[in-house]
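Sequence order for the protein chains is A and B.
The working numbering applies: residue 617 is where the first sequence begins, and numbers increase by one.
The working numbering applies: residue 2 is where the second sequence begins, and numbers increase by one.
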Amino acid sequence: MTLPDKQYGPLTRTDFVRYQGASGDFNPIHHDEAFAKSAGFPTVFSVGMLQAGILASYCTDQFGADNVRRFKVQFREQVWPDDVLTCSGAVVKEYEADGERRVDLELTVTRQTGGVAIRGEATFAATGA
Amino acid sequence: MANKEAVGKQGPSFDMAVERGKIREFARATMSANPDYLADEHPPVPPTFLTTSSFWTPPEAAALWKEIDIDLRRLLHGEQEYVFPKGPPRAGTKLTAQSRVESIYEKEGKRGGTMTFVVTVTDFTDDAGELVAQARSTAIETGRPPA
Chain A
617 MTLPDKQYGP
627 LTRTDFVRYQ
637 GASGDFNPIH
647 HDEAFAKSAG
657 FPTVFSVGML
667 QAGILASYCT
677 DQFGADNVRR
687 FKVQFREQVW
697 PDDVLTCSGA
707 VVKEYEADGE
717 RRVDLELTVT
727 RQTGGVAIRG
737 EATFAATGA
Chain B
2 MANKEAVGKQ
12 GPSFDMAVER
22 GKIREFARAT
32 MSANPDYLAD
42 EHPPVPPTFL
52 TTSSFWTPPE
62 AAALWKEIDI
72 DLRRLLHGEQ
82 EYVFPKGPPR
92 AGTKLTAQSR
102 VESIYEKEGK
112 RGGTMTFVVT
122 VTDFTDDAGE
132 LVAQARSTAI
142 ETGRPPA
């Protein structure tokens, strides 16, 4: 079963900073233009865990916040200011474990260029439906 | 090149209070408008929320990364996983967390240079000592600076 796609963004530098404040990761490469350029990057770029968190929100919106059992991401391409991200996914397995119905998901965060920012997988308890 | 002697080494154990306001802030920062997080008085944590345990780590925790001895300028976040055997903990829970180095291994990079993978695991237990959550993080030291 394919999940409906959802778009997030265009992402702003403010989105990066807001996530850094919330998460406690204050690496300047994500908000300090001069620092990012001195490290050889054209500008600041997003925190990997921000797009991971957006993908997690995509999942909990559909399966319920209480139902997460496992969530895993692999970071691929960097995400830049003004990027529009598309979260997509599919249920790849349905089964019974620990006395509950569960689904395994395969997930992707794709940039507007078609480049893959994140490959993810998750397990949720399937309540209802 | 990381110090493989660090495998099995543990960081200090520390407490982490799971708080409603922090969950709300984190849910908004990760673009969730889910009432499960925003309206519930004791909301569960979002799937990647335990990354905020960095606000609770004592200064001594840095010693574990000194022991691992990798070049922070060449460090990339490769993978991150969270497991919740019985579902995510809720606001009001007090967790005890402790990190350890699970493995260190090398792979040849596609663009030359050896990449070193460092896998660390953090266990989060409740007051009864039950495992509530586990975070597994893979850091990659690239053969040359990422730029």
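Using N, Cα and C, we set each Cβ at its ideal position, and we do this for glycine too.
What you are looking at is a predicted structure, and each value in this text was computed from that prediction instead of being measured.
Determine the burial state of residue 79/B: buried for a count of at least 16 other Cβ atoms within 10 Å of its Cβ, exposed for fewer.
Around the beta carbon of residue 79/B, a 10 Å sphere encloses 16 or more other beta carbons of the protein chains shown; the residue is thus reported as buried.
Would you say residue 32/B faces chain A, with C-beta separation under 7 Å as the test?
Yes, its Cβ sits closer than 7 Å to a Cβ of chain A.
Between which two residues does the beta strand (DSSP E) harbouring residue 633/A extend?
It is not in any beta strand (DSSP E) - residue 633/A instead sits in the alpha helix (DSSP H) that spans 629–639.
Tell me, please, which residues DSSP counts as bridged to residue 81/B.
According to DSSP, which records beta bridges pairwise, residue 81/B is partnered with 689/A and 138/B.
In the DSSP assignment, find the unbroken beta strand (DSSP E) run with residue 105/B in it and report its ends.
Following the DSSP letters along the chain, one finds residue 105/B inside the beta strand (DSSP E) bounded by residues 95–109.
Burial state of residue 33/B (16 or more Cβ within 10 Å)
Per the 10 Å Cβ criterion, buried.
Buried or exposed: where does residue 17/B fall if 16 or more other Cβ atoms within 10 Å of its Cβ makes it buried?
Counting Cβ neighbours within 10 Å, residue 17/B comes out buried, since at least 16 surround it.
Output yes if chain A places a C-beta closer than 7 Å to the C-beta of residue 43/B; else output no.
No, no contact with chain A.
Residue range of the alpha helix (DSSP H) that residue 736/A falls in?
If you look at residue 736/A, you'll find it isn't in any alpha helix (DSSP H); it sits in the beta strand (DSSP E) that goes 732–741.
Looking at residue 117/B: is its Cβ nearer than 7 Å to the Cβ of residue 138/B?
Contact: no.
Cutoff 6 Å; reference residue 98/B; Cβ partners in own chain excluding five residues on either side
15, 17, 54, 123 and 125, listed in sequence order.
Among 692/A, 666/A and 737/A, which one has its Cα closest to the Cα of residue 84/B?
Of the candidates 692/A, 666/A and 737/A, the one whose C-alpha sits nearest the C-alpha of residue 84/B is 737/A.
Closest to residue 25/B by CA distance: which of 91/B, 8/B and 9/B is it?
The shortest C-alpha to C-alpha distance from residue 25/B to any of 91/B, 8/B and 9/B is the one to 91/B.
Drop a sphere of 10 angstroms on the beta-carbon of residue 636/A, count the other beta-carbons inside from all chains shown, and report buried for 16 or more, exposed for fewer.
By the 16-neighbour rule on beta-carbons within 10 angstroms, residue 636/A is buried.
Taking only beta carbons into account, state which residues of the stretch 82–115 of chain B come closer than 9 Å to chain A, listed in chain order.
Flagged, chain order: 82, 83, 84, 85, 86, 87, 88, 89 and 91.
Taking Cβ positions only, does residue 685/A come closer than 7 Å to chain B?
Yes, its Cβ sits closer than 7 Å to a Cβ of chain B.
For residue 12/B, go through chain A and note every residue whose CB falls closer than 7 Å to its CB, in chain order.
By Cβ distance, chain A contributes nothing, its closest Cβ being about 16 Å from residue 12/B, past 7 Å.
Closer than 7 Å, Cβ to Cβ, to anything on chain B: give me those residues from the stretch 708–738 of chain A, in chain order.
Going along the stretch 708–738 of chain A in chain order, one finds no residue with a Cβ nearer than 7 Å to chain B.
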